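Peer 1: Protein sequences, first through last, are from chains A, B, C and D. In short: position in the first sequence from 1, add 761, done, that's my numbering. In short: position in the second sequence from 1, add 613, done, that's my numbering. In short: position in the third sequence from 1, add 1, done, that's my numbering. In short: position in the fourth sequence from 1, add 1440, done, that's my numbering. Glycine included, C-beta positions come from ideal geometry on N, C-alpha and C. All values reported here derive from a predicted model rather than from experimental measurement. First the structure, then my questions, so here it is.
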Amino acid sequence: MGKSKGASPKLPEVGQWPDKIAPAVAIAGIVLTTLGFLMAFFYVPPVAGAAVDGVELIGGMMVANKLLISQKIFYFHMPVAMVSFVALAFSCYYGVRFLMTREWRYDTCSAIAIEIALVFVVATMATGEMWTRFEWGVWWTWEPRLTTYLVLMLIVIAYFVLRSAVDEPERRGVFCSVIAIIATIDVPICFAITRLIPSSIHPVVLREGGMSGEMGMCVALVAAGMFCIGFALYRARFGQVRLAQRVEAMKESLED
Amino acid sequence: MNPILAEIYSTVIPSAPYVIAAYALIWIILLVYVVIIMRGNQKAQKQMMLLEEQLAELKAGK
Amino acid sequence: MGLFSEKQELETKTAVSSDIAVSVTGLTKTFSTRKAVDKVSFELPKGAFLSVFGPNGAGKTTLLRMLSTLTRPTDGSIFIDGIDALEEPDIAREHMGLISHNAMLYPDLTAEENLLFYARLYGVKDPEKRVIELLDAVGLKHRRLDLVRTFSRGMTQRVSIARALINDPSVVLLDEPYSGLDPHAIEVFDQLIESVREDRTFIMVSHDLEKGLSMCTHALVLAKGRVVTFAERGDLDADEFRELYRSTVGMGVA
Amino acid sequence: MADRKKEKLQESGRSAICARPSTFAQYKTLLMKDLKQEFRTKDMIVSMGIYAVLVIVVFGVALSFAKPGSEFLEVSGGLLWSLVVFTSLLGLNRSFSHEMENGCMEGMLLAPLDRGAVFLAKMTSNVVFLLIVEVVAVPLYWLFFSSYATPADTAWMMIIPLLVGTVGIAGIGTLLSTITTRTRGKDVLLALLFVPVIFPLLYACVSATTAVLIGGDVVADTLMVSLVLAVGYDVIMILASWILYEFVVSA
């Protein structure tokens, strides 16, 4: 783990190329998500639910099942979850970079990335909760997907509790980077284990099943939008935190 | 509305509040985060003004 | 012949002649924004005794922790006996010992077990003999089977000296070793240091100006992480130095 | 290159008495120290043992209204593992108490020591202490709850998931307790970090134990899958902890 000799690597800083495109990306995000929202409700046909004893002609198609609107939540639920995993992966990447070079900037980036992950995990839990409440009529079931998100949320919360419990900056940076890395390793395992082991008590209800063309497109659209929003939020938060750090640095230099 | 059609759409009304709540929650959570960032920015800017005043005094004082 | 030329090339690579025990250049440590140690540089010949003075928060302990490879410096280089302590910390550690106010001994192990543990960690040849020899040197041979928990502060500090000397280090670091010792224990401690002093280099951090001055061959005063003065004991006028010390400590506290 | 350098240092005389020991030798020294220290003071084993008994008593009260029957077997897999997790949490919290007392952690870091050896030694000692407590607590559990249900004859296979789980708990637990041992509010923080990270291993071990306890056809499919996944988790996590340990211990 030698010190990075020579010119220190170009550190992520406010005003670099990501900040130039951040506003455009934010607008693109908003546009895409609204488009996805409209598409989810007006373009994509609702999913067929339980069978109905009879057949009806609707919009030129023979329908023999209940049409579920509740499934529409899925079009935002899945993309938001994807963004939360990507944000966690970024936090892990910056954590590794911090451990290699001990540059404070990477520790800041890692913390902000995992903050974005927390925002999106909370959003995922909220939408998942609503869906569970309607789908199964209960506020919580130990169903694999829900438990995995709960575990992810707990780890991210633990990250922030640890971050506030350690005062010395160097030690805090190292510990938080290690936890970000461990979390990023742990979550996929959670995903895999909860799916592969058939919990005998209540079988895994695989609601998603196959996704029809329109559904896939809608999810992709919303996902793109959510990634843009996530990126824009990251840059905004990064700018704000950097400003606070510069103020802190100035305060210190003015003192002595 | 004949009974079959009614049954086909029977889940729409009961599921409506949850769907709305889900989308509203996402919007609220993102909004709360943006507000946190904005407030952080304002706080930092205020402190920056204070520091600039202090710097000006220091320069004037020297 | 190959080996000889090899050795030559190694010497020049480290570019430090063999009689310099400790060479520190541009050593810096910044904690996010605060510069705890700022570009400290000095060189110590073998057998020197450096006393480091300075107000609280001047970076004395951080400097010592960096020298002992416990803390990574942000910048600068440290050469111990010609070995780059940053590139090869493990080899540098074989040459060093640290005595600090906490004894680094396990209270629930006996004095002998503690020293045997460290002897084996350092890979000392024939550890049992070495441990007995050291315990005898610090005058605790008869108490070697007692738990360190039952020892007085003075006795624990003497076992700590034995621990620091277990690998026969060429550089011994002392981090405020006198704190918590009664006058008699201090006197015994000084005798021990004197007895092992030949051909070893010492770096001591302490608040006790008189004690530091009396024992040192070199003096270094730090304030706010920066070197105020670094001078040989010979060309140092005691009163002028006391005056300088009082002013830096005064400045530090303001 | 390193050996030639070592030869050169031998000649330099000063540290002639030090021949850098192999990592395994250092591992053995560290482990012996941990074991000797623990068997002399026994504070970790005794406190974990008493804690386990207390947890069983709480279970007893909690289940006093449950009607005995086969459902108890489905539940007891989970109960056993919650007993193991909370007892190991208590043990892990104290695992570094000896090191922290007189700054001995720094004493160790001063030695030319491979940090991986520290991790392995502490992990092994944690595994040993946990197993000792489990050997006492698990039979005690079945003694106290024998009136509820007797497990299937395949119950002895419960040892396998217990072993795999204990190794995993000790591995990850050592890394996390090294992090939390020097922070404020360390016990809560260790639990908060430990439970989510250990969740998959717990999930797999509980399913394996339950399968073994119920016996019959359930054993066939779930046991193998759960054990393979648990071992997989152990390998990945212990490898990651070993690599990351160097940063954490010298931070």
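#1: ALA255 of chain C to PHE936 of chain A, Cα distance in whole Å?
#2: List, in order along the chain, the chain A residues whose C-beta lies closer than 8 Å to that of ALA1644 of chain D?
#3: When burial is assigned at 16 or more other CB atoms within 10 Å of the CB, is ARG652 of chain B buried or exposed?
#4: Give, in chain order, every unbroken run of the beta strand (DSSP E) that is at least 3 residues long and sits entirely within the region 622-657 of chain B.
#5: Answer with yes or no whether the minimum CB distance from ASP91 of chain C to chain D is below 8 Å.
#6: Please list, in chain order, all residues of the same chain as GLY60 of chain C whose beta carbon is under 7 Å from its beta carbon, the five residues on each side excluded.
#7: With a cut-off of 8 Å, does the C-beta of PHE54 of chain C fall near any C-beta of chain A?
#8: How would you call GLY140 of chain C, buried or exposed, if buried means at least 16 neighbouring beta carbons within 10 angstroms?
#9: Are any of the Cβ atoms in chain A nearer than 8 Å to that of VAL632 of chain B?
#10: Go ahead and pull the three-state DSSP assignment for VAL1578 of chain D.
#11: Tell me the DSSP secondary structure of SER1587 of chain D in three-state form.
#12: Give every residue of the same chain whose Cβ lies closer than 6 Å to the Cβ of HIS102 of chain C, excluding the five residues on either side of it in the sequence, and list them in chain order.
#13: GLY213 of chain C and ALA186 of chain C - do their beta-carbons sit closer together than 8 Å?
#14: Between LEU1616 of chain D and the rest of its own chain, which residues show a CB-CB distance below 8 Å, the 5 nearest in sequence each way excluded?
#15: Looking at chain A, which residues of the region 16-37 of chain C have a Cβ within less than 7 Å of any of its Cβ atoms?
#16: Taking only three categories from DSSP, how would you classify VAL229 of chain C?
#17: Does ARG73 of chain C have its Cβ less than 8 Å from a Cβ in chain A?
#18: For the region 855-929 of chain A, list the alpha helix (DSSP H) runs that are entirely contained and at least 4 residues long, ordered along the chain.
#19: Output the distance between the C-alpha atoms of ALA842 of chain A and LEU1549 of chain D, rounded to the nearest integer angstrom.
#20: Residues in the same chain with beta-carbon distance under 8 Å from THR1623 of chain D, minus the five sequence neighbours each way, listed in chain order, please.
#21: Grab the span of the alpha helix (DSSP H) containing GLY1000 of chain A for me, first residue to last.
#22: Short of 7 Å in beta carbon distance, which residues of its chain neighbour LEU4 of chain C, apart from the five on each side in sequence? Order them along the chain.
#23: Helix, strand or coil, according to DSSP, for ILE167 of chain C in the structure here?
#24: What residue does the alpha helix (DSSP H) around PHE190 of chain C start on, and which one ends it?
#25: For a contact defined as C-beta to C-beta under 7 Å, what are the partners of PRO108 of chain C on chain D?
#26: Going straight from the alpha carbon of ALA657 of chain B to that of ASP1627 of chain D, what length do you get?
#27: Find the residues of chain D that neighbour PHE118 of chain C, judging by a C-beta separation of less than 7 Å, and give them in chain order.
#28: Using 8 Å as the limit for Cβ to Cβ distance, is GLU666 of chain B near chain A?
#29: Residues in its own chain within less than 6 Å of ARG243 of chain C by CB, not counting five upstream and five downstream?
#30: Are three or more beta carbon pairs between the region 809-826 of chain A and the region 789-797 of chain A nearer than 8 Å?
#31: Going along chain A in order, which residues have a C-beta closer than 8 Å to the C-beta of ALA1506 of chain D?
#32: Is the separation between the beta-carbon of LEU1580 of chain D and that of THR1606 of chain D shorter than 8 Å?
#33: Determine whether the beta carbon atoms of ALA120 of chain C and PRO128 of chain C lie at a separation below 8 Å.
#34: Against chain A, with Cβ distances strictly below 8 Å, would LEU1653 of chain D count as a contact?
#35: Ordered along the chain, which non-local residues of its own chain (more than five positions away) have a Cβ less than 6 Å from that of GLY856 of chain A?
#36: Within its chain, find whatever has a CB closer than 8 Å to the CB of VAL965 of chain A; leave out the 5 residues flanking it on each side and keep chain order.
Peer 2: For this structure:
#1: At ALA255 of chain C the pLDDT is 35, less than 50, meaning the model places this residue with poor confidence; the figure from the coordinates comes in the next sentence. Separation of ALA255 of chain C and PHE936 of chain A (C-alpha to C-alpha, rounded to the nearest whole angstrom) is 35 Å.
#2: What ALA1644 of chain D touches in chain A: ILE954 and ILE958.
#3: By the neighbour-count criterion, in which a residue is buried when 16 or more other Cβ atoms sit within 10 angstroms of its Cβ, ARG652 of chain B is exposed.
#4: Taking only runs of at least 3 residues, no beta strand (DSSP E) segment lies wholly in the region 622-657 of chain B.
#5: Interface residue, yes.
#6: By the criterion of a C-beta distance shorter than 7 Å, GLY60 of chain C is surrounded in its chain by ALA37, VAL38, LEU223 and GLY226, once the five residues flanking it on both sides are discounted.
#7: Chain A, which has no Cβ nearer than 8 Å to the Cβ of PHE54 of chain C, makes this no.
#8: Burial check for GLY140 of chain C: the Cβ neighbour count within 10 Å stays below 16, so the residue is exposed.
#9: VAL632 of chain B counts as touching chain A.
#10: Reduced to three states, the DSSP call for VAL1578 of chain D is helix.
#11: SER1587 of chain D falls in the coil class under three-state DSSP.
#12: Result list for HIS102 of chain C: GLU177 and SER180, in chain order.
#13: Not closer than 8 Å, so no.
#14: Spatial neighbours of LEU1616 of chain D in its own chain (CB-CB distance under 8 Å, excluding positions within 5 residues in sequence) are listed in chain order as LEU1532, LEU1630, LEU1633, PHE1634 and VAL1637.
#15: Within the region 16-37 of chain C, the residues whose Cβ lies closer than 7 Å to some Cβ of chain A are PHE32, SER33, THR34 and ARG35, listed in chain order.
#16: It is a strand residue.
#17: Residue-level contact check: ARG73 of chain C touches chain A, since one or more beta carbons of chain A fall below 8 Å from its beta carbon.
#18: DSSP runs (the alpha helix (DSSP H)) wholly in the region 855-929 of chain A: 865-897 and 905-926.
#19: Those two C-alpha atoms are separated by around 42 Å.
#20: Here THR1623 of chain D has LEU1629 as same chain residues with Cβ atoms under 8 Å from its own Cβ, once five neighbours each way along the sequence are excluded.
#21: Looking at the DSSP string, the run of the alpha helix (DSSP H) that includes GLY1000 of chain A is 974-1016.
#22: With a pLDDT of 42 at LEU4 of chain C, under the threshold of 50, the modelled position of that residue is not reliable, and no figure is offered here.
#23: Residue state, collapsed to three classes: coil.
#24: That run of the alpha helix (DSSP H) goes 184-196.
#25: Under the 7 Å cutoff, chain D gives GLU1541 and ASN1542.
#26: Those two C-alpha atoms are separated by around 35 Å.
#27: Taking the beta carbon of PHE118 of chain C as reference, the chain D residues within 7 Å of it are THR1469 and LYS1473, listed in sequence order.
#28: Residue-level contact by beta carbon fails for GLU666 of chain B and chain A, as no gap is shorter than 8 Å.
#29: Close CB contacts of ARG243 of chain C within its chain, under the 6 Å cut and outside five residues either way in sequence, are absent.
#30: Fewer than three pairs of CB atoms, one per stretch, sit closer than 8 Å, so the region 809-826 of chain A makes no contact with the region 789-797 of chain A.
#31: In chain order: nothing, as chain A lies at least about 16 Å away.
#32: Result no, Cβ atoms of LEU1580 of chain D and THR1606 of chain D do not sit closer than 8 Å.
#33: Contact: yes.
#34: Cβ-Cβ to chain A under 8 Å: no for LEU1653 of chain D.
#35: The residues SER871, SER938, ALA941 and ILE942, in chain order, have a CB closer than 6 Å to that of GLY856 of chain A in the same chain once the five nearest residues on each side in sequence are set aside.
#36: Residue placement at VAL965 of chain A is poorly supported in this model, since its pLDDT is 46, which falls under 50; the coordinates still yield a value, given next. Here the set comprises GLU904, PRO905, ARG956 and PRO959.
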